[in-house]
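Q: Quick one: this structure, given as structure tokens, is what I'll be asking you about.
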Amino acid sequence: MSGISIRSLHKSFGKVEALRDINLEIDQGEFIALIGPSGCGKTTLLRTCLGLERPTKGTVLLGGQDAVAARKAKDLGIVFQKPALVPSRTSLSNVQITLDITGVKDHLDPNNLLEEFGLGSFKNHYPHQLSGGMQQRVNLAAAMVHNPHYLMMDEPFGALDEMTREMMCEWVGDVLLRQPKTVILVTHSIDEAVMLADRIVILAPRPGKIDTIVPVDLPRPRRRSLKTTTEFSNYVMDVRRQLYAVEEARGAA
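In numbering that gives the first Met the number 0, the protein residues as written are 0 to 252.
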């Protein structure tokens, strides 16, 4: 199974050009973070990779097939900012819903996956009995239980407090080491991008286009203590400088 290939991608909504000439090759098992100012097309790019938006021009291929085919083949896991949990179902039952919907036979064990996310003791709890971070961990487990090759996340930790976000980054990083996926993450958090990604793709706005790609060469597993190191701070400052340059260029346009 190969990774994701985005070639000469253009996306317009009527006369409004949202994305222009996006070219990006993502290796199998690679973690990519998309970051940039509001209006730069991060979510539009993600939705196109999900097959929820059709390219105006160009191609998006996941493992050699287009995004719509990959979604229909149940080979995508999707995580949005707000946990999509059924209030009347337990944590375990919410994870099992994915298997009921997809009908995938080669899946992960829901009980084991909840254990990996530190929720073994909460599998019989209902959403209202869980914290926001716990709910999102259940949501992540539900997105991964059918063992997709691709995981797409749109600001999954945006509604959480800073300490919970840091813990969530550790959980996700650890689980992905054991259950590798090709991942695209949309985020506004530079720290989050550096903590999780192999490469950070910085987008410039109106129309959305790739400005810079920053490789992140930090050892895994990545712990919260990494944020106190010079190496981590240097990456954060580098990405911040690039984002400042993007904003300045937009202001001068």
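The C-beta atom is built at its ideal place from N, Cα and C for all residues, glycine as well.
Quick check: Y149 and P86, are their CB atoms within less than 8 angstroms of each other?
A: Result no, Cβ atoms of Y149 and P86 do not sit closer than 8 angstroms.
Q: For the segment 25 to 41 against the segment 184 to 192, do three or more pairs of beta-carbon atoms, one drawn from each stretch, fall closer than 8 angstroms, so that the two count as touching?
A: Yes: at least three Cβ pairs fall under 8 angstroms.
Q: Bridge partners of I5, per DSSP?
A: Looking at the DSSP assignment, I5 forms a beta bridge with L23, V59.
Q: Which same chain residues, not among the five before or five after L33, have their C-beta less than 6 angstroms away from its C-beta?
A: Closer than 6 angstroms at the Cβ level, and outside the excluded window around L33, lie K41, V185, V200.
Q: As an exercise, report each continuous beta strand (DSSP E) stretch of at least 3 residues that is fully enclosed by the segment 72 to 127, in chain order.
A: Taking only runs of at least 3 residues, the beta strand (DSSP E) segments lying wholly in the segment 72 to 127 are 75 to 78.
Q: Since S7 contacts G57 with CB under 8 angstroms, what's their CB separation in whole angstroms?
A: Right, their Cβ atoms sit about 4 angstroms apart.
Q: Output yes or no for whether 8 angstroms exceeds the beta carbon distance between I77 and L44.
A: No, they are not a contact pair.
Q: I need the straight-line Cα distance from L217 to H145, nearest angstrom please.
A: Their Cα atoms are separated by approximately 29 angstroms.
Q: Excluding the 5 residues preceding and the 5 following G172 in the sequence, name in chain order all residues of the same chain whose CB lies nearer than 8 angstroms to its CB.
A: So the list reads M194, L195, R219, P220, R221, once near-sequence residues are dropped.
Q: Report yes or no: do three or more beta-carbon pairs, one from the segment 136 to 143 and one from the segment 93 to 113, lie closer than 8 angstroms?
A: Touching, yes.
Q: According to the Cβ coordinates, are P214 and L18 closer than 8 angstroms?
A: No, they are not a contact pair.
Q: Span of the beta strand (DSSP E) holding K14?
A: Neither: K14 is in no beta strand (DSSP E) and is coded neither H nor E.
Q: Would you give the residue range spanned by the alpha helix (DSSP H) that R136 belongs to?
A: Here the alpha helix (DSSP H) through R136 covers 131 to 143.
Q: Which word fits D74, buried or exposed, when buried means at least 16 other C-beta atoms lie within 10 angstroms of its C-beta?
A: Classification for D74: buried.
Q: Near L159, what residues of its chain come up, given a Cβ to Cβ distance below 6 angstroms and the 5 sequence neighbours on each side ignored?
A: Contacts found: G131, G132.
Q: Taking T211 as the reference, give the member of K14, G157, F121, L242 with the closest Cα.
A: Ranking K14, G157, F121, L242 by Cα distance to T211 puts L242 first.
Q: Considering D173, what are the terminal residues of the beta strand (DSSP E) in which it resides?
A: Looking at the DSSP string, D173 is not in any beta strand (DSSP E); the run it does join, the alpha helix (DSSP H), is 161 to 177.
Q: Quickly, what does DSSP pair I209 with across the bridge? List them, please.
A: I209 pairs with L202.
Q: On the three-state DSSP scale, how would you describe T228?
A: Here T228 sits in coil by DSSP.
Q: How is the beta strand (DSSP E) around A32 delimited, first residue to last?
A: 30 to 34 is the extent of the beta strand (DSSP E) around A32.
Q: Give the DSSP-derived three-state secondary structure of K253 in the structure shown.
A: Within the shown structure, residues of the chain are numbered from 0 to 252, placing residue 253 beyond reach of any answer.
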